[in-house]
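Letter 51 of the sequence shown, counting from 1, is numbered 73 in our numbering, and no numbers are missing. Ideal Cβ positions, reconstructed from N, Cα and C, are used throughout, including at glycine. Source: prediction; values computed, not measured.
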Amino acid sequence: MAVLVNGVALLLTDTGQQMVARHDSQMTALTSAQMALDRLSQDLRQARQANIGCSATQLSFDPVGGGQRITYDRDAATGTHTRTQGAASQTSATGISSLTFNCQTPGLIKVQLTASVTTPRGGTGTQVLTSQLQVPNP
């Protein structure tokens with residue numbers, strides 16, 4: 023009887039550890055995507071409306087007060103979200119399956135970021151994050 027109880031306890035512990043590891047992986051992907059979207063939002067609040075370059079897959083703008091142009095895009099081959107300012111590029115997030123920009127009325131920008139995540143059962147899923155911002159600076 024003791025062997026059976028120990029076996030069940032070991033099985034439950036192992037299953038619990040696997041679920042925590044998968045949940046941690048999912049939360050890491052979502053946190054990375056949310057941080058990338060937050061950084062983009064912060065940069066847009068400091069952008070000048072007059073020089074916004076917008077396509078479905080790339081957004082570029084000049085910061086208020088001068089400085090080097092900032093560009094956001096996604097590398098389809100690697101699934102990374104990249105922020106480039108001048109010659110310096112940095113990966114903001116990985117596991118990004120889609121990044122789209124929709125520039126509507128002057129200075130109104132909608133951003134949609136889709137992240138690939140591991141589901142609690144070990145499969146893959148997607149999480150869509152959307153933000154809409156009005157660039158405050160003429």
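Paired residues, beta bridge with residue i - DSSP
{"i": "A110", "result": "Q107"}
{"i": "G75", "result": "S82"}
{"i": "S138", "result": "T148"}
{"i": "T122", "result": "Q134"}
{"i": "T102", "result": "D97"}
Close beta carbons around residue i, own chain, < 8 angstroms, minus the five adjacent residues each side
{"i": "G117", "result": "A51, S54, A55, G101, A137, S138 and V139"}
{"i": "T148", "result": "S119, T136, A137, S138 and V139"}
{"i": "G186", "result": "No answer is possible for residue 186: it lies beyond the span of the chain, which begins at 23 and ends at 160."}
Minimum C-alpha distance to residue i - residue among the options
{"i": "D65", "options": "T79, A98, A99 and Q107", "result": "Q107"}
{"i": "F123", "options": "R61, A72, D60 and Q154", "result": "Q154"}
{"i": "S82", "options": "R143, Q134, C125 and G147", "result": "C125"}
{"i": "Q208", "options": "L59, R91 and M57", "result": "Here the chain has residues from 23 to 160 only, and residue 208 is not among them."}
{"i": "R61", "options": "T93, A98 and P160", "result": "T93"}
{"i": "P160", "options": "G75, C76, V86 and K132", "result": "V86"}
{"i": "P158", "options": "R67, T127 and N73", "result": "R67"}
Spatial neighbours of residue i in its chain, beta-carbon cut-off 7 angstroms, leaving aside the 5 residues before and after
{"i": "Q156", "result": "G129 and L130"}
{"i": "S63", "result": "S153 and L155"}
Residue i classed as buried or exposed, judged by whether at least 16 other C-beta atoms fall within 10 angstroms
{"i": "D84", "result": "buried"}
{"i": "V150", "result": "exposed"}
{"i": "S114", "result": "buried"}
{"i": "R96", "result": "buried"}
{"i": "T104", "result": "buried"}
{"i": "A110", "result": "exposed"}
{"i": "A69", "result": "buried"}
{"i": "A99", "result": "exposed"}
Contacts around residue i, its chain only, beta-carbon distance under 6 angstroms, and the 5 residues preceding and following it disregarded
{"i": "G145", "result": "none"}
{"i": "A78", "result": "T122"}
{"i": "G75", "result": "S82"}
{"i": "T80", "result": "It should be pointed out that residue 80 corresponds to Gln in this sequence rather than to Thr. Around Q80: D95."}
{"i": "Q134", "result": "T122 and T152"}
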